[in-house]
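Sequential numbering from 27 applies to the sequence shown in this note's numbering.
These notes are about the structure you will find just below.
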Amino acid sequence: MKRNLFLFATAFMLTQAALAQTPYINEGLLSPDLIGTARSVGMGGAMGALGTDLSAMSSNPASVGLYRSSDVSLTFGVLTQRNKPDLNTDNSHMSFDQMGFVLSTPLMGKDFKFVNFGMNYQKKANLNRAFIADHPWMDNHIGMESSNKILSQTMQMVELLNNKINSPLAELMRDAYLIYPVDGNTVNEDNSNMQEYASYLTNENRYDRVTEGSVQAFDFNISTNYRDRVYLGLTVGVDRVDYRSYSTYTELYGVPATELYSLYNVQEIQGYGINAKMGIILRPFETSPFRIGLTVETPTRYNLESVVDYSLDVPFDANGNLSETFYNHRPEYDLAALQYNLSTPWKFRLSMGHTIGSFFAVGAEYEYADYSNMRQSYDDGEYGDVVRDNDMRELNRITFQGVHSFKFGMELKLTKALSLRAGYNFYSSVFDDNAHLDQWNPSPAFNYATTTDYMNKSDVNIFTAGIGYRGRHFYVDAAYKFRRQYGDFYAFDDTYTGEKRLTPVNVDLSTHQVFFTLGYKF
């Protein structure tokens, strides 16, 4: 199997075509994560009601209203994978995660104490990942049949062709002689002739993928303080998506196994999104520092463009003759880049915070978002209309579900200057129990499908710890985060095959990350 990023990059510059935007690709851009200032990460991001942290601007805009002085900070870190695949790529990445400021302006009135303005850059998702999901022939005893011996990606392509479902990948496999016509024609119900196709068998497949990039958020905030009892805030966010993916899928056949074909895909997604967040924090008891917060976040409407290059290495030349060397087949023509709009669901957050004296703080936060309501649409350039993809919306409905997330964190001041922190996050899985990549869906996006793989990801558990030092003006914070998640990887959809199914490959998606923040208050 060829696992060379240089080959991918070269191919990407030569030819670009559109890739279907499936629910799984979109989910990969929106996976929940915890990124921000080292103080916020150390406390598990549970700062929505506690406030006075720049990262809390995106969690609850009203949290900025608790500032009584101005603040500026920047954060950087290092991300590394727990499971490090050998793919000739870096498994650790430097990351610039946050930079922002708050300008706090006291007011002369008796009721409104401050009006604060803030701007913060922060990563929402770090997309640097690499994994291998090989599905070897598990037959260790002569005479026993492998669980996936007759299952091949080409079988799914045959089903699409035989049912006249448009698929660029199926057409390329046919042109590369991986799919061949069956002798004789069948007759449809309308008495028209239809060519039937068949494919080769396989007993082993191998897959690897490397992804790069991030989703970045730029938040602009205004907030105010009413009598130190009510805090109100508004944040307008602009997101930037920068994503690249390099993958190789290989099938083998025979004993000993030899390569039958390899499929290469290189994808790039670029674009922007916009949203708004409205927040309020209440201190219900005048004699208590206990606070409760509520945030409503509008859907983020992304305007994105996806382009991809794909090709096949097969042992058949341009005339279909068996060759001693592999022949690279490419599509005869390029498809236009797919431009589409993606709308995320509404998000609702409830947060609580409490302090004991000046030495202990604790925060908690709950969020709910129903990802089955994600929507996809396309701009009609000729008439300026928006064409809603109702078929993709239905596929989102049966693929995704509502996500519940919980955050908890605490901070203990050992001295006036030195603090210790700890936190925990839980995100329920976004995928329905029966989720799979249904390329029979009539969404026009599947007219550009060049991949078949998908992964159903598990719940996310995040554990954090941190330490901080506060001087008169300068402060320094550090935090550690362990993000634990697994995924069941499928090289293709096998739901049409009946009793014989493809056993998923379990992939460890867990990561370690450290954060360092430098700040100044004035």
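Even for Gly, the Cβ is constructed at its ideal location relative to N, Cα and C.
Owing to the predicted nature of the structure, the values given are computational and were not obtained by experimental measurement.
Problem - beta strand (DSSP E) segment containing S240, residue limits - result: Against the sequence shown, residue 240 aligns to sequence position 214. Residues E230 to Y252.
Exercise for the section: Could you tell me how far apart the beta carbons of G25 and R447 are, in whole angstroms, since I believe they sit closer than 8 angstroms? Expected result: The question about residue 25 has no answer here: the residues shown for the chain are numbered 27 through 548.
Problem - Check whether R266 and Y298 have beta carbons under 7 angstroms apart - result: The residue labelled residue 266 in the question sits at position 240 within the sequence shown. The residue labelled residue 298 in the question sits at position 272 within the sequence shown. Going by C-beta atoms, R266 is nearer than 7 angstroms to Y298.
Problem - Beta-carbon proximity list for T180, same chain, < 7 angstroms, skipping 5 on both sides - result: Residue mapping note: residue 180 aligns to position 154 of the sequence shown, counting from 1. Closer than 7 angstroms at the Cβ level, and outside the excluded window around T180, lie M199, L204, I205, S225 and Y226.
Practice task
Tell me whether the beta-carbon of N152 lies closer than 7 angstroms to the beta-carbon of S84.
Solution key: As a working mapping, residue 152 is identified with position 126 in the sequence shown. As a working mapping, residue 84 is identified with position 58 in the sequence shown. Contact flag unset, no.
Problem - N142 versus N451 - alpha carbon distance - result: By 1-based counting over the sequence shown, the position of residue 142 is 116. By 1-based counting over the sequence shown, the position of residue 451 is 425. Rounded to the nearest angstrom, the two C-alpha atoms are 29 angstroms apart.
Handout entry: Runs of alpha helix (DSSP H) lying entirely within the segment 36-97, each at least 4 residues, in chain order
Key = Within the segment 36-97, complete alpha helix (DSSP H) segments of at least 4 residues are found at 49-56, 64-68 and 82-85, given in chain order.
Handout entry: Per-residue DSSP class, three states only, for M304
Key = Along the sequence shown, one-based indexing puts residue 304 at 278. Residue state, collapsed to three classes: strand.
Exercise for the section: Could you tell me which of P371, I295 and V264 sits nearest to K150, measuring between CA atoms? Expected result: Reading the sequence shown from its first residue, position 124 is the one you call residue 150. Residue V264 is the option with its Cα nearest to K150.
Handout entry: Under 7 angstroms between C-beta atoms of D160 and R232
Key = As a working note, residue 160 is residue 134 in the sequence shown. As a working note, residue 232 is residue 206 in the sequence shown. With contacts defined by Cβ atoms closer than 7 angstroms, D160 and R232 form a contacting pair.
Practice task
Taking 7 angstroms as the cut-off, decide whether the C-beta atoms of Y512 and D479 are in contact.
Solution key: The residue you call residue 512 lines up with position 486 of the sequence shown. The residue you call residue 479 lines up with position 453 of the sequence shown. In this structure, D479 does not lie closer than 7 angstroms to Y512 by Cβ.
Problem - Boundaries of the alpha helix (DSSP H) in which V456 is found, first to last residue - result: Reading the sequence shown from its first residue, position 430 is the one you call residue 456. It is not in any alpha helix (DSSP H) - V456 carries neither H nor E in the DSSP assignment.
Practice task
Mind checking which residues open and close the alpha helix (DSSP H) that includes M181?
Solution key: Counting from 1 along the sequence shown, the entry for residue 181 is found at position 155. Residues Q179 to N188.
Handout entry: Residue interval of the beta strand (DSSP E) (run including I488)
Key = By one-based count along the sequence shown, residue 488 stands at place 462. Note, I488: beta strand (DSSP E), V486 to R496.
Practice task
Go to N2, then tell me how far its alpha helix (DSSP H) extends in each direction, as first and last residue.
Solution key: The structure shown has nothing for residue 2, since the chain only spans 27 to 548.
Handout entry: Nearest-angstrom Cα separation, counted from D411 out to T284
Key = Along the sequence shown, one-based indexing puts residue 284 at 258. Along the sequence shown, one-based indexing puts residue 411 at 385. For T284 and D411, the distance between alpha carbons rounds to 51 angstroms.
Practice task
Would you give the residue range spanned by the alpha helix (DSSP H) that D112 belongs to?
Solution key: Here residue 112 refers to the residue found at position 86 of the sequence shown. First-last for D112: undefined, no H or E at that position.
Handout entry: Proximal residues to T521 (C-beta, below 6 angstroms), its chain only, five neighbours per side dropped
Key = Locating residue 521 in the sequence shown gives position 495, where the first residue counts as 1. Once the five neighbours on either side are set aside, the close Cβ partners of T521 are H462.
Handout entry: For S332: DSSP bridge partner residues
Key = Locating residue 332 in the sequence shown gives position 306, counting from the first residue. BP columns for S332 point to I295 and L364.
Practice task
Evaluate contact between the segment 532-546 and the segment 505-519, counting only Cβ atoms and requiring at least three cross-stretch pairs below 8 angstroms.
Solution key: yes
Problem - Continuous beta strand (DSSP E) stretch holding E437: start and end - result: Sequence index remark: in the sequence shown, residue 437 carries index 411 (1-based). Where E437 is concerned, the enclosing beta strand (DSSP E) stretches over G428 to K439.
Handout entry: Supposed contact pair T237 and Y269 - C-beta distance, whole angstroms, cut 8 angstroms
Key = Start at 1 with the first residue of the sequence shown, and residue 269 comes out as number 243. Start at 1 with the first residue of the sequence shown, and residue 237 comes out as number 211. A Cβ-Cβ distance of about 7 angstroms is found for the pair Y269 and T237, placing them in contact under the 8 angstroms criterion.
Handout entry: CA-to-CA distance, H499 to F548, given in whole angstroms
Key = Position 522 of the sequence shown, counted from the start, is the residue given in the question as residue 548. Position 473 of the sequence shown, counted from the start, is the residue given in the question as residue 499. Their backbone Cα atoms lie some 6 angstroms apart in a straight line.
Problem - Same chain, Cβ closer than 7 angstroms to M134, neighbours up to 5 away in sequence not counted - result: Counted from its first residue, the sequence shown places residue 134 at position 108. Around M134, the same chain offers no residue with a beta carbon nearer than 7 angstroms, after the five sequence neighbours per side are excluded.
Practice task
With distances taken Cα to Cα, identify the nearest neighbour of V208 among N188, N192 and L195.
Solution key: Counting from 1 along the sequence shown, the entry for residue 208 is found at position 182. Selected option, being the one with the closest Cα: N188.
Exercise for the section: Please work out which residues of its chain come closer than 6 angstroms, Cβ to Cβ, to A196, disregarding the five sequence neighbours upstream and downstream, and give them in chain order. Expected result: Your numbering for residue 196 matches position 170 in the sequence shown. The residues M183, L186 and L187, in chain order, have a CB closer than 6 angstroms to that of A196 in the same chain once the five nearest residues on each side in sequence are set aside.
Practice task
Please look up how many angstroms separate the CB atoms of T490 and G449, rounded, as I've assumed it's under 8 angstroms.
Solution key: If you number the sequence shown from 1, residue 490 lands on position 464. If you number the sequence shown from 1, residue 449 lands on position 423. Contact holds; Cβ gap of about 4 angstroms.
Practice task
Would you mind sorting G91 into buried or exposed? The rule is 16 or more other CB atoms within 10 Å of its CB.
Solution key: As a position in the sequence shown, residue 91 is number 65, starting the count at 1. Counting Cβ neighbours within 10 Å, G91 comes out buried, since at least 16 surround it.
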